[in-house]
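*Asks:* Using the working numbering, the final residue of the sequence shown is 1209, and nothing's skipped along the way.
Glycine included, each C-beta is placed from N, C-alpha and C at the ideal position.
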Amino acid sequence: MLKISLKLLGGIKDSDEKSITGSSAVLTVKNGFGTYNILIDCGLHQGTENDELYNKEFGFDPSILNCAILTHAHIDHCGRFPFIVNKEFFKNPFKGKIYTHHLTKLILPIMLNDAANIQMSEAKEFDQKSKVYTPTILPKQRRLHQRFPPEDQEDLEDFFLKAKELKKDSDLKKEVLYTTSEVKKVLHLTEGLEYKIWKQILPGISIKLYNAAHVLGSTMIVVRLEDSSSKNKRYKYLLFSGDLGRVRDSLALGKPDIVKEKLSFVMMESTYGGRIHETRGVEIEQMRFEILKCIRRNSTILAPAFAYQRVSDILEVLSKMDGVYGNVKIYLDSKLAYDLFQIYKTSKTYAFLNDIEIEIIQNKSDLERFRRQKGAKILLSSSGMVNAGSVMKHLPEILPIPNNRVFLLGYMAENTIGRQLLEGKKLIEIPVAGRIEVASKIVAFKSFSGHADEKDLIEIFKSLKIKQDVNFRLFINHGEADGSALALKNAFVRKNVLNKEKITIPKSGHFYQIL
């Protein structure tokens, strides 16, 4: 008889200390063939320092995992795979197969190597900063004592005490979770699959991938479990949605596939539970209007954009704009986006990218040529929330000029420069450059999210074939337990989509018997 349990290792915000990143879950299946543990995603916790502390608390012994399935290559879904193969952290690391879509397999090394390089760079920067604080005046302590009057001696002792503490701090090193060596190990374990074809991954357990239309290569995963206790072959079907793309206002990726199997269990994301996206068509027309203004004035538009998917979405929109494409030069300054761009161009979905004229900024010479270039320009640069990356070097050049524009394409997290620009700050602090005046027009676009909103999520769920029995369960993840996840649950109940007794908002670290 089948016994199935699930443990979430991240991807739900159930406390003030955690964000919704770090998507990961372990599916445990007991069937007539044995007991198997399947890892579904292995994302990096991102955001605050508190979030990053959770990255070392994996919550499961990697050595007893039989295999893993990856929904897509966003770092909050794949970024800890190199960690669980790292022998420095685990005596018996993960050695199983990782199954994913073949396009995700191509994108995975680009994303993971970027994450590894960022970690190594941050560790080096931390080490350099700690050396700056190493006090060099300690050997002179006796001589300084002699120069100061007795009444100042107490303050001086205080100073030396603090200096010693700083010296202790300077001896610390920021530990990286993995390097590019561990990334290579992950890639060696990864197998690429096609959509809508069954693949047996363990005895009595098969999977089928459906297009989730969130990013290129993203998948919904159907897990088929054979009930060996039955004389005739019977199956249970479980669905793990991963991150879902949009049903309304979709671009080249289209809509998420219709899942055909009759499901006994569903785990669905809820990033935009309780929220409805702006109409994309209206905002695209607004964007066209702003670009035409810049063409007339020969000014520059800076569009900070996420490298994975957002850059391709913007290029698609620009290529279809009457009066815009061909009258403005398009530049890309993001190594990550450029590397991903090469993968996108090989897919049938994005074949049109081969016809788009775009200049790449890869070095100082390219940067100087961009700055000298006359006429209207659009610059796509990382990062999307204006908190790091190549965009930082462009802000001092672009922001002080009134005719320029900055397009903010989506959500801007707290404590980012993107959020400050969104809030209308007229002076912002930029690392190295210092205080910069904001004279450019800041234009926010809210319709470019790649996530399904509440209406889309309900429509996707309604399209599923649900096994109508007492055992069916819906788990809602990838949201705030008291925010977007709860809002989606309430919407399901309010609109008579599903009874509340069948809906669970799971907690990280808890085991749940699901069938």
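Can you tell me which of the three DSSP states V1085 falls into?
*Replies:* Here residue 1085 corresponds to residue number 391 of the sequence shown, with the count starting at 1. Helix at V1085.
*Asks:* Measuring straight from C-alpha to C-alpha, what distance separates E1062 and T798?
*Replies:* Position 368 of the sequence shown, counted from the first residue, corresponds to residue 1062. Position 104 of the sequence shown, counted from the first residue, corresponds to residue 798. Spanning the two alpha carbons is a distance of roughly 35 Å.
*Asks:* Just mark E1195 as buried or exposed, buried being the case when its beta carbon has 16 or more other beta carbons within 10 Å.
*Replies:* Along the sequence shown, one-based indexing puts residue 1195 at 501. Exposed.
*Asks:* By alpha-carbon positions, which one of N926, L1012 and R918 ends up nearest to F934?
*Replies:* In the sequence shown, counting from the first residue as 1, residue 934 sits at position 240. Closest by alpha carbon: R918.
*Asks:* Would you give the residue range spanned by the alpha helix (DSSP H) that Y1032 belongs to?
*Replies:* Taking the sequence shown and counting its residues from 1, one reaches residue 1032 at position 338. That run of the alpha helix (DSSP H) goes K1029 to T1040.
*Asks:* Quick check: what's the CA-CA separation for A857 versus Y1105?
*Replies:* Start at 1 with the first residue of the sequence shown, and residue 857 comes out as number 163. Start at 1 with the first residue of the sequence shown, and residue 1105 comes out as number 411. The predicted position of A857 is uncertain, since its pLDDT is 48 and thus under 50; a value taken from the coordinates is nonetheless stated next. Looking at the two C-alpha atoms, the distance is approximately 42 Å.
*Asks:* Look at the alpha carbon of I1136 and the alpha carbon of R942, and state the distance between them as a whole number of angstroms.
*Replies:* As a working mapping, residue 1136 is identified with position 442 in the sequence shown. As a working mapping, residue 942 is identified with position 248 in the sequence shown. So the alpha carbons of these two residues sit roughly 27 Å apart.
*Asks:* With DSSP collapsed to three states, give me the class of Y872.
*Replies:* Residue numbering aside, residue 872 sits at position 178 when the sequence shown is read from its first letter. Of the three classes helix, strand and coil, the one that applies to Y872 here is coil, per DSSP.
*Asks:* Using alpha carbons as the reference points, say which of Y793, T874 and H908 lies closest to K893.
*Replies:* Here residue 893 refers to the residue found at position 199 when the sequence shown is read from its first residue. Of Y793, T874 and H908, the residue nearest in Cα terms is Y793.
*Asks:* How about K902 and V916: do their beta carbons lie closer than 8 Å?
*Replies:* Position 208 of the sequence shown, counted from the first residue, corresponds to residue 902. Position 222 of the sequence shown, counted from the first residue, corresponds to residue 916. The answer is yes: Cβ separation under 8 Å.
*Asks:* Beta carbon of I1199, beta carbon of R1167: below 8 Å?
*Replies:* The residue labelled residue 1199 in the question sits at position 505 within the sequence shown. The residue labelled residue 1167 in the question sits at position 473 within the sequence shown. Result no, Cβ atoms of I1199 and R1167 do not sit closer than 8 Å.
*Asks:* I732 bridges to which residues according to DSSP?
*Replies:* Here residue 732 corresponds to residue number 38 of the sequence shown, with the count starting at 1. BP columns for I732 point to L721 and C761.
*Asks:* To which residues does DSSP link A1138 through a beta bridge?
*Replies:* Translated into the one-based positions of the sequence shown, residue 1138 becomes position 444. According to DSSP, which records beta bridges pairwise, A1138 is partnered with L1102.
*Asks:* Determine, using beta carbons only, whether N780 and E876 come nearer to each other than 8 Å.
*Replies:* If you number the sequence shown from 1, residue 780 lands on position 86. If you number the sequence shown from 1, residue 876 lands on position 182. For N780 and E876, yes; Cβs fall inside 8 Å.
*Asks:* So, do the stretch 952-969 and the stretch 1114-1123 have three or more beta carbon pairs nearer to each other than 8 Å?
*Replies:* With the cut-off at 8 Å, the stretch 952-969 and the stretch 1114-1123 do not touch.
*Asks:* Going straight from the alpha carbon of D863 to that of N786, what length do you get?
*Replies:* The residue given as residue 863 occupies position 169 in the sequence shown. The residue given as residue 786 occupies position 92 in the sequence shown. Confidence at D863 is low in this model, with a pLDDT of 43, below 50, so the placement of that residue should be treated as unreliable; the coordinate-derived value is given next. In a straight line, the C-alpha of D863 is about 32 Å away from that of N786.
*Asks:* Using DSSP's beta-bridge definition, name the partner residues of I1154.
*Replies:* Taking the sequence shown and counting its residues from 1, one reaches residue 1154 at position 460. Paired residue(s): none; I1154 is not in a bridge.
*Asks:* In the DSSP output, what is Y748 paired with across the bridge?
*Replies:* Numbered from 1 along the sequence shown, position 54 holds the residue referred to as residue 748. According to DSSP, which records beta bridges pairwise, Y748 is partnered with nothing at all.
*Asks:* Could one say the Cβ of E955 lies closer than 8 Å to chain C's Cβ atoms, at least one of them?
*Replies:* Looking for chain C here will not work: only one protein chain is present.
*Asks:* With distances taken between CB atoms, is the gap from M994 to L1073 smaller than 8 Å?
*Replies:* Against the sequence shown, residue 994 aligns to sequence position 300. Against the sequence shown, residue 1073 aligns to sequence position 379. Note that residue 994 corresponds to Thr in the displayed sequence, not to Met. For T994 and L1073, yes; Cβs fall inside 8 Å.
*Asks:* Consult DSSP for R928 and reduce its assignment to one of helix, strand or coil.
*Replies:* Position 234 of the sequence shown, counted from the first residue, corresponds to residue 928. Note: R928 maps to strand in three-state DSSP.
*Asks:* Give every residue of the same chain whose Cβ lies closer than 7 Å to the Cβ of S1178, excluding the five residues on either side of it in the sequence, and list them in chain order.
*Replies:* In the sequence shown, the residue the question calls residue 1178 occupies position 484. The answer, listed in chain order, is S964, T965, Y966, G967 and G968.
*Asks:* Since V1011 is in the alpha helix (DSSP H), which residue starts that stretch and which ends it?
*Replies:* Here residue 1011 refers to the residue found at position 317 of the sequence shown. From DSSP, the alpha helix (DSSP H) with V1011 extends over R1004 to S1013.
*Asks:* Helix, strand or coil for R964 per DSSP?
*Replies:* Here residue 964 refers to the residue found at position 270 of the sequence shown. Note on residue identity: the sequence assigns Ser, not Arg, to residue 964. In the structure shown, S964 sits in coil (DSSP, three-state: anything other than H, G, I, E or B).
*Asks:* What number of angstroms, rounded off, separates the C-alpha of A762 from the C-alpha of G975?
*Replies:* Position 68 of the sequence shown, counting from 1, holds the residue named residue 762. Position 281 of the sequence shown, counting from 1, holds the residue named residue 975. Taking the straight line from one Cα to the other gives about 39 Å.
*Asks:* I'd like the list of long-range same chain contacts for K879, defined as Cβ closer than 8 Å, with 5 residues on each side in sequence excluded.
*Replies:* Stepping through the sequence shown from its first residue, residue 879 is reached at position 185. Closer than 8 Å at Cβ, skipping near neighbours: P776 and V779.
*Asks:* Could you give the distance in angstroms between the alpha-carbon of M695 and the alpha-carbon of R928?
*Replies:* As a working note, residue 695 is residue 1 in the sequence shown. As a working note, residue 928 is residue 234 in the sequence shown. Distance between the alpha carbons of M695 and R928: 11 Å.
*Asks:* First and last residue of the beta strand (DSSP E) that includes A1185?
*Replies:* Counting from 1 along the sequence shown, the entry for residue 1185 is found at position 491. Not the beta strand (DSSP E): A1185 falls in the alpha helix (DSSP H), residues S1178 to R1188.
*Asks:* Quickly, what does DSSP pair F959 with across the bridge? List them, please.
*Replies:* Here residue 959 is taken as the residue at index 265 of the sequence shown, counted from 1. Its beta-bridge partners are L932 and R1167.
*Asks:* For the candidate residues V1191, M961, L986 and E751, whose alpha-carbon lies nearest to that of K1156?
*Replies:* Reading the sequence shown from its first residue, position 462 is the one you call residue 1156. The shortest C-alpha separation from K1156 is found at V1191.
*Asks:* Put K1023 into one of helix, strand or coil per three-state DSSP.
*Replies:* As a working note, residue 1023 is residue 329 in the sequence shown. If DSSP states are grouped into helix, strand and coil, K1023 belongs with the strands.
*Asks:* Look at G705 and N1171 and say whether their C-beta atoms are less than 8 Å apart.
*Replies:* Here residue 705 refers to the residue found at position 11 when the sequence shown is read from its first residue. Here residue 1171 refers to the residue found at position 477 when the sequence shown is read from its first residue. Against a cut-off of 8 Å, the Cβ pair of N1171 and G705 comes out as a contact.
*Asks:* Which of the three DSSP states is assigned to N811 in this structure?
*Replies:* As a working note, residue 811 is residue 117 in the sequence shown. Looking at N811 - three-state DSSP - the assignment turns out to be helix.
*Asks:* With DSSP collapsed to three states, give me the class of V877.
*Replies:* For this step, residue 877 is matched to residue 183 along the sequence shown. Reduced to three states, the DSSP call for V877 is helix.
*Asks:* Specify the secondary structure class of H908 as computed by DSSP and reduced to three states.
*Replies:* Looking up residue 908 in the sequence shown gives position 214. In this structure, H908 counts as coil in the three-state DSSP scheme.
*Asks:* I'd like the list of long-range same chain contacts for S717, defined as Cβ closer than 7 Å, with 5 residues on each side in sequence excluded.
*Replies:* If you number the sequence shown from 1, residue 717 lands on position 23. Answer for S717: G704, G705, D735, G737, D770, H771 and H1172, listed in chain order.
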